[in-house]
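For reference, the structure discussed in these notes is given below.
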C-alpha cells in the first residue's frame, strides 16, 4: 500500500512455521511484518532471513533499553537484510539513542546493508492516562510526555517514534511531517476484544489522526480467515486515506 496508514501485521507467535505461513497468506497485500520479542527470542535471526526471502520487510520490535554502550553493541548485531525498522526505548535517554544510531550506522557500513530506520518507543499503549499519572510520572500528562520524548528522539537523529494514535497530531506539530509515527493499539470496530490495549483506535481513526504505520496483530492473525481480516483492514484504511486526502 505505502504512504500514510501502511499496515504492519504483528507476528506474535513463537512458531517460525506459523509466522511464515501468515506472511505467505498475506503477501503481497501486506508487505511489512512486526517481529517482536516472542518470535525473535524463540527463533532468532533466521526468522528474519526467512521472512525477507518471501519479499517482505520487517519491523524488529525488541524495545532495547540499557546503558548506551550495551544498546549500541546489541543493536549493531540486528542490522540485517530485510529489517526496515528497529526500535529502542526513549526512556533510555539521549545518549542511549545516539549510541543506538551510531551502532546501526557502523554496522550498515561494515556489512553493506541498507541502514534500517531507528525509532523510539514512547509510552506503551497498554498504559492509560490514570496508570501513567499514578504509577510512572505523578503529576505529568501522558500526552505531553510522549511529545517531549518524540522531540528528544528527533534531536538525537532518530527517524520516528512508536506512539498511540492519540499523540500523533502533537508529535507532528512538534517534529514535522517527515518524522515517522508507528502506531500500535489499532483495533477494528469488528474485533471481538481489545486484549491488553488501553489507548487504541480503529484503523480509520488512526489514519485520520495522521499515523504513518498501523500495527495490527490479533484481529488479523487470530481471525478465522487472516487474509479476509487483513483485506477488511486494508479497505478501511484505503477509505480513510481517501477521505483524508492522502490518495490510495
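Residue numbers (the working numbering): 640 to 887. A virtual CB, placed ideally from N, CA and C, is assigned to each residue, including glycine. Predicted model, so just to flag it, every value in this text is computed and none were measured.
Provide the residue span of the alpha helix (DSSP H) that contains residue 771, from first to last. Per DSSP, residue 771 belongs to no alpha helix (DSSP H) and is neither H nor E.
Can you tell me whether residue 706 is helix, strand or coil according to DSSP? coil
What is the C-beta distance between residue 845 and residue 825, in whole angstroms, given that I count them as a contact (C-beta under 8 Å)? Indeed they touch by this definition, with Cβ atoms about 5 Å apart.
Using CA atoms only, rank isn't needed, just tell me which of 721, 815, 715 is closest to residue 727. 715
Exposed unless 16 or more other CB atoms sit within 10 angstroms - verdict on residue 823: Residue 823 is buried by the Cβ-count criterion.
First through last residue of the beta strand (DSSP E) which encompasses residue 756: 756–760
By alpha-carbon positions, which one of 850, 858, 870, 857 ends up nearest to residue 880? 850
Closest residue to residue 685 among 710, 872, 658 (Cα-Cα distance): 658
Which one or two residues does DSSP pair with residue 825 in a beta bridge? 840
I'd like to check one pair, residue 739 with residue 707: are the Cβ atoms closer than 9 Å? yes
My assumption, with CB atoms under 8 Å, is that residue 674 sits in contact with residue 872. Please give the rounded CB distance. The Cβ separation is near 19 Å, so there is no contact.
According to DSSP, simplified to helix, strand and coil, what is residue 875? It is helical.
From which residue to which residue does the alpha helix (DSSP H) around residue 659 run? 655–665
Is the stretch 791–804 close to the stretch 753–771, with three or more CB pairs under 8 Å? yes
Have a look at residue 777 and residue 789 and give me their C-alpha separation to the nearest angstrom. 20 Å
Quick check on the burial criterion: 16 or more other C-beta atoms within 10 angstroms. Buried or exposed for residue 869? That one is buried.
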